[in-house]
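Here is the structure we will look at.
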Amino acid sequence: MRIIPNIGKPMRVGYVVVGAALIAAPFAVAMEQWQRVALPILGAVAVVTGAVGW
């Protein structure tokens, strides 16, 4: 059985770009404390999703 990613290459690149933007956002924009913690976590999840294709 072969493992095949379930999202295409353009979608994967989009996930990585959006994830990187979410990780960088707290450093560029003033936000509330919970947003400064939550956005990088969501960004990291998006980057991992884009990297592995799942």
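The sequence shown begins at 50 in our numbering and counts up by one.
Glycine is no exception: its CB is placed at the ideal position from the N, C-alpha and C atoms.
Predicted model only: the values in this text are computed from it and were never measured.
Going by C-alpha positions, Thr98 is about 15 Å away from Leu88. Nearest neighbour of Gly68 by Cα position, chosen from Met60, Ala79, Ala77, Ala93, turns out to be Ala93. With respect to Ala95, Leu71 sits close: the two C-beta atoms are nearer than 9 Å. Taken in chain order, the whole alpha helix (DSSP H) runs of length 4 or more contained in the region 52-99 are 58-77.
For the pair Pro59 and Pro75, the Cα-to-Cα distance works out to about 26 Å.
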